[in-house]
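> Dropping a structure here in structure tokens format, bear with me for questions.
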Amino acid sequence: MQKSALIIIDLQAFIKKLAKDAVPYGWDKIIENNRALISAFDQKNQPVYIVTVEPKYFGNQLKKLFLG
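Just so you know, we're using our numbering here: the sequence shown kicks off at 3 and counts up by one.
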């Protein structure tokens, strides 16, 4: 039996400014696609894991990159 899981990584507000003009898809399309994937996995009773990174744990270089 094949097992699948969906892993969503860091779709937080501070990532939005980095991805808003992402190519080939912008932020709105990224969110739309993730919602569709979550729905599809949910309908098939497959697990969905959402991983987030708390900015307070970033090193100084990453804080500058992500938080300005």
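Heads up, the beta-carbon is just placed ideally off N, CA and C, and yes, glycines get one too.
Considering Cα atoms alone, identify which of D30, N35, K31, K46 is closest to K5.
Checked all of D30, N35, K31, K46; the closest Cα to K5 is K46.
> For the alpha helix (DSSP H) containing A42, name the first residue and the last one.
Counting along the chain, the alpha helix (DSSP H) containing A42 begins and ends at 29-45.
> Tell me, please, which residues DSSP counts as bridged to V53.
Looking at the DSSP assignment, V53 forms a beta bridge with I11.
> Which same chain residues end up closer than 8 Å to N35 when comparing Cβ atoms and leaving out the 5 residues on each side of it in sequence?
Only Y27 meet the Cβ criterion.
> Out of curiosity, what's the CA-to-CA distance linking V25 and D44?
Each residue's Cα considered, the two are about 28 Å apart.
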